[in-house]
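With the sequence shown counted from 1, adding 764 to any position gets you my numbering.
One structure below.
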Amino acid sequence: MERTTVDFGIDLGTTNSVISVSQGGNIETIKNGLSEITPSVVYFDKRGTKRVGLEAAEMLSRPTTALDVQAEFKRVMGQRVTHEFKSSGKSMSPEELSAEVLIALRQAAGSRLGSEPGAAVITVPAMFELPQNGATAEAAKLAGFRHSQLLQEPVAAAVAYGFQGDTERAYWLVYDYGGGTFDASIVAIRDGQLTVVKHAGDNYLGGADLDWKVVDESIRPALMQAYSLKSLSRSPKARDVDRGRMLVLKRFAETIKKRLSTSEEVEYFEENVFVDDDGKQVDLEGRITRAEFEAYAAPSVDHSIKIVQKLIEESGIPKASLDRFLLVGGSTFIPLVRQRTAALGIPIGMELDPMTVVSRGAAIFASSQRIPASLAKPIVVAVGAAKLQLEFEVVVRDTEPFVGGKVEIDGKPAPLGTVVSLRRSDKGWSSGDIQVDSKGMFFTSVKIMDKGQS
Ligand code: ADP
Ligand code: MG
C-alpha cells in the first residue's frame, strides 16, 4: 500500500528510541524483538560485527566488550566529534551512530508491517538548534528515509495527551526526565499551532546520574573493601580495564534502581561479574533500601523541580493557568519524582507510558502530514565539475524552512572547507558561508518571503 501521509513517529532518544505507526485511526508502538524500547546503543567488535539496540546494550555487562559500545551520542549531535570503538578502531560520527539506531527501528517496522517506512516524523529536544536538527535530518537520510520531518519532543508528548487546537488559552507543562537529560517545557497554541513557548533544562541531569550515584555510594565502596581493585575509576584517564568494570557496575546499578521503583528494598547477588587485580572473581552482593536510594537521588530530583519553578516564574504565566503537568521519560517512574512533582499542585498527567508517549505523539502528528509529492526529484544545479543538489519542501508553512543539500565535485563529495552560500533573488537575505560536512552535505534554514516565491 502506498502511503500518502507520513504515519510513522520516532522518538530518537539519548538513552532509548521508539517507533510508532498510525493506522486506521489507531496508534501502535512497534516492538523491536521483544520490546517496544530500543536502547540507543551501537556495538562493533574486533571483526567489525555490528549490533544495535538491546543486543548492543547487553555488551555492557562484560568489561571486555563494554568499551566496544557507544551510547549517549545524541548529546553531541551536530558537533564535529567522532566516537571510537576500542577493539576495531572504527570511528563514527553522532549522525552515523544515530542512523544505525534509525535503521534498527525501520527494520523493526518493516518486519511488523511488510515494508520499511520511507518517511517519518522524528522528535528532537526543544533545546536543539540548527546544527543538532541538521544532524538529525542527516541521520534520517543516512538511514534511508527519503522524507523526514522534525517535531519537538514536548509538542509530541502534548499531542499524545490530546492537546487540541481549540483550547486557545490552555498552557501545559511537559516534565521530561529521561536517561541523559532533563527538559521542562511550557506548550500552548500560538497562531493555530502547538508550540513550545518557553523551555529550560539541564543537559547533564538524567537517570544515568542516579545509576552512578548507586555505584559510587553503595556498590563501589563495598567492592573496594572486599577485593583488590586499587584504581577502580571512571575517569577518562583511568585504565581501560577500570573503565570497563565501571560500565558493568553502572548497568547493574540501573537494574537495582528500577527495582526500587516497585520495591521498598532490594537484595542483590550477581556472581563473577569480572576479576579483580589479583585474578579473583568478583561477586556483587548487597542490599539497598528505597530510603537510601532516595537520599542519593533527592538532590537531582530537587534540582529538576527548581528548574520547573524558575521556568514558570520566568514565563510570567500564573501557576493556576497551567492546566496539566505531563510526566514524560523513564525516570518519572521513580516514586520520589512522582511525589515531588505532585507537590507542585498542577494536575498531573501520567496515564500514558512515559517511555513511549513521545513516539506515539509523533505518530499522531505524522498521520496529519502529507508526504510531499516532489520527493523523488531533488533540484540539481551543475556548474563545471561542481554539482549542487538541493532538497526542500515545495510548500511550507513558516517563512524560515529548512533546506538541505549535497555538493559534489567530479562526482565525489566536496572536501571539508567547501562552502555554500544561498541568496534570495531580491537580495533581501543571504545565508553567508555554510560549511559542508565530511560527506559534502549541509543543512540550513532560509528566510523566504511570506506568500511569495524567492
Ligand atoms: P531518554 O529520553 O534519555 O532516551 P527514557 O525516557 O527512555 O530516556 O528513560 C530512560 C531512563 O529511565 C533510564 O535512566 C532508565 O534507567 C530510567 N528508567 C526506566 N524505567 C525506570 C523505572 N522503572 N524506575 C526508574 N528509572 C527507570
Ligand atoms: Mg526522551
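C-beta atoms are modelled at their ideal positions from N, C-alpha and C, and glycine is treated no differently.
With 5 angstroms as the limit, the residues whose C-beta approaches any heavy atom of the ligand MG more closely are Gly777, Gly942, in sequence along the chain. Assignment of arginine 811 by DSSP, reduced to helix, strand and coil, places it in the coil class.
Relative to the non-hydrogen atoms of the ligand ADP, the Cβ of aspartate 940 comes within a distance shorter than 8 angstroms of at least one.
The beta carbons of serine 1095 and glycine 898 sit no closer together than 9 angstroms.
Distance from the CA of threonine 887 to the CA of glutamate 1029, rounded to the nearest whole angstrom, comes to 36 angstroms.
Residue pairing by DSSP puts asparagine 780 in a beta bridge opposite Pro803. Nearest C-alpha to alanine 1127 among Asp1201, Glu893, Asp947, Leu915: Leu915. Three or more beta-carbon pairs separated by less than 8 angstroms link the region 920–939 to the region 1088–1108, which places the two stretches in contact.
Valine 816 has its Cβ no nearer than 8 angstroms to any heavy atom of the ligand ADP.
The three-state secondary structure of isoleucine 1128, taken from DSSP, is helix. Taking isoleucine 1076 as the centre and dropping the five residues before and after it, the same chain places the C-beta of Leu937, Ile950, Lys1083, Leu1086 closer than 8 angstroms to its C-beta, in chain order. With a minimum length of 3 residues, the unbroken runs of beta strand (DSSP E) contained wholly in the region 1038–1105 fall at 1045–1053, 1086–1092. Between the region 1038–1045 and the region 976–992 there are three or more C-beta pairs closer than 8 angstroms, enough to call the two in contact. A check of alpha carbon separations from phenylalanine 1038 across Asp1006, Thr1053, Asp940, Glu1058 identifies Asp1006 as the nearest. Taking C-alpha positions only, glycine 842 is separated from arginine 1015 by approximately 27 angstroms.
A straight line joining the alpha-carbon of glutamine 787 with that of isoleucine 794 spans about 12 angstroms. The straight-line gap separating the alpha-carbon atoms of lysine 1191 and proline 881 is approximately 39 angstroms. DSSP lists no beta-bridge partner residue for methionine 891.
Per DSSP, reduced to three states, the secondary structure at valine 1184 is strand.
Straight-line measurement puts the Cα of methionine 823 at about 6 angstroms from the Cα of threonine 829. If you compare the alpha carbons of Ala884, Met988, Ala1059 with that of lysine 977, the shortest gap goes to Ala1059. Straight across, the Cα-Cα distance linking valine 845 with leucine 1152 is about 25 angstroms. Counting only unbroken stretches of 3 or more residues, the beta strand (DSSP E) elements lying wholly within the region 934–974 are 935–941, 946–954, 957–966, in sequence order.
Under DSSP, asparagine 796 forms a beta bridge with Ser799.
At a cut-off of 8 angstroms, the beta-carbon of serine 1095 counts as near the ligand ADP: some heavy atom of the ligand is closer than that. Rounded to whole angstroms, the gap between the alpha carbons of valine 782 and valine 1147 is 42 angstroms.
Judged by beta-carbon spacing, arginine 1104 lies beyond the 9 angstroms limit of isoleucine 1112, meaning their Cβ atoms are not closer than that value.
9 angstroms or more divides the Cβ of glutamate 1115 from the Cβ of tyrosine 807. Look at the beta carbons and you see the region 803–819 not touching the region 950–961: under three pairs across the two are nearer than 8 angstroms. In the three-state reduction of the DSSP assignment, leucine 915 falls in the strand class, which pools E and B. Pairing glutamate 1164 with lysine 1211 gives a Cβ-Cβ distance under 9 angstroms. Taking C-beta atoms under 8 angstroms as the contact rule, leucine 818 and serine 804 fail to qualify, at a distance of about 11 angstroms. Here DSSP, grouped into helix, strand and coil, assigns methionine 823 to helix.
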